[in-house]
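Each remark here refers to the structure printed beneath this line.
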Amino acid sequence: MTEICATAAEAVADITTGASLAVGGFGLTGIPDQLIAAVAAGGATDLEVFSNNCGIDGLGLGMLLDSRQIRRVTASYVGGNTEFARQYLAGELEVELIPQGTLAEKMRAGGAGIPAFFTPAGVGTPISDGGLPWRYHGDGTVAVASPPKEVREFGAAWAGKRYVLEESITADFSLVHAARGDTEGNLVFSKAAMNFNPSAATAGRICIAQVEELVPAGELDPDCVHLPGIFVHRIVHTGPQDKKIERRTVRSAEETIR
Numbered sequence: 081m082t083e084i085c086a087t088a089a090e091a092v093a094d095i096t097t098g099a100s101l102a103v104g105g106f107g108l109t110g111i112p113d114q115l116i117a118a119v120a121a122g123g124a125t126d127l128e129v130f131s132n133n134c135g136i137d138g139l140g141l142g143m144l145l146d147s148r149q150i151r152r153v154t155a156s157y158v159g160g161n162t163e164f165a166r167q168y169l170a171g172e173l174e175v176e177l178i179p180q181g182t183l184a185e186k187m188r189a190g191g192a193g194i195p196a197f198f199t200p201a202g203v204g205t206p207i208s209d210g211g212l213p214w215r216y217h218g219d220g221t222v223a224v225a226s227p228p229k230e231v232r233e234f235g236a237a238w239a240g241k242r243y244v245l246e247e248s249i250t251a252d253f254s255l256v257h258a259a260r261g262d263t264e265g266n267l268v269f270s271k272a273a274m275n276f277n278p279s280a281a282t283a284g285r286i287c288i289a290q291v292e293e294l295v296p297a298g299e300l301d302p303d304c305v306h307l308p309g310i311f312v313h314r315i316v317h318t319g320p321q322d323k324k325i326e327r328r329t330v331r332s333a334e335e336t337i338r
């Protein structure tokens, strides 16, 4: 049964130093911001994080970077997070960059109990051949580089194409954000929050969800449930999310008229 937690701090209380976290959201959209803040306040360090990106300076997972609580990040891109880039280039943070679709599938496969899969994405590049800098020395030389991966060809239906083996992702905990949830842990995600939240949720051995609205069991239309409660171990009602804009851009009046 899903445990109902009174606070985000209670929900993440057993996330300790050295834990691995699969975190949902895309940029600052659909991120479990209050759970991340609670992890930051809890003081756990040496964390390994799997997420599409690492927030921006001071927001989202950027909070954990600012407080030096993350040891390693597996993500699709650095984005506009200057502290993320600084720590990586200074040799303070280990970073594995993966094609976005591959990262999503690695999480989904991990949650489905699939240990690895073959994909054409990255064949013939350092993704498959190895040599990507995972960690730098302070002087800018490479301390740890990615190893080469297995590449194979398959039968007639796939003739002429090569595929690289990617191992799936599982984590100690997953942190996700949903628009609605019920007391049995069933979750409904809103719009772009579908990005990475469902797959991250299943990749964690213990899934912790923050929800904007919590309703009694049976109130959600089963056809509208995106993630069944069987995957959700803890849920906390955090109320409406203070949604942030990752990069605000505006047009001049003249440009708008044109």
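Quick note: the sequence shown uses the numbering used here, first residue 81, plus one each step.
Where is the CB? At the ideal position from N, CA and C, for every residue including glycine.
Looking at the unbroken alpha helix (DSSP H) that takes in residue i, where does it start and where does it end?
i: Leu169; result: 162 to 169
i: Gly190; result: 180 to 191
i: Ser279; result: 277 to 283
Tell me the residue span of the beta strand (DSSP E) that contains residue i.
i: Val312; result: Counting along the chain, Val312 falls outside any beta strand (DSSP E), and DSSP gives it neither H nor E.
i: Asp262; result: 251 to 262
i: Ala124; result: Careful: Ala124 lies outside any beta strand (DSSP E) and carries neither H nor E.
Measure the C-alpha to C-alpha separation of residue i and residue j and round it to an integer number of angstroms.
i: Asp322; j: Gly110; result: 11 Å
i: Val244; j: Ser208; result: 6 Å
i: Val129; j: Glu334; result: 44 Å
i: Leu255; j: Arg152; result: 17 Å
i: Ile116; j: Arg285; result: 17 Å
i: Gly202; j: Tyr168; result: 22 Å
i: Glu293; j: Gly204; result: 46 Å
Taking the DSSP output, what are the residues bridged to residue i?
i: Glu233; result: Note: Glu233 sits in no beta bridge, so no partner.
Drop a sphere of 10 angstroms on the beta-carbon of residue i, count the other beta-carbons inside from all chains shown, and report buried for 16 or more, exposed for fewer.
i: Phe234; result: exposed
i: Ile194; result: exposed
i: Val330; result: exposed
i: Glu100; result: At residue 100 the sequence reads Ser, which differs from the Glu that was named. So Ser100 counts as buried.
i: Ala192; result: exposed
i: His217; result: exposed
Tell me whether residue i counts as near the ligand COA, meaning its Cβ is closer than 8 Å to at least one heavy atom of that ligand.
i: Gly98; result: Looking for the ligand COA in the displayed structure turns up nothing, as the structure carries no ligands at all.
Query raised in the report: Does the stretch 173 to 187 come close enough to the stretch 236 to 254 to have 3 or more Cβ pairs within less than 8 Å?
Result: yes
Query raised in the report: At a cut of 8 Å, does the stretch 261 to 277 reach the stretch 81 to 88 through at least three beta carbon pairs?
Result: Touching, yes, given that three or more Cβ pairs across the two stretches are closer than 8 Å.
Query - Three or more C-beta pairs below 8 Å linking the stretch 119 to 127 and the stretch 267 to 282 - result: no
Query raised in the report: Is the stretch 282 to 300 close to the stretch 89 to 106, with three or more CB pairs under 8 Å?
Result: The stretch 282 to 300, when compared against the stretch 89 to 106, does touch it at the 8 Å Cβ threshold.
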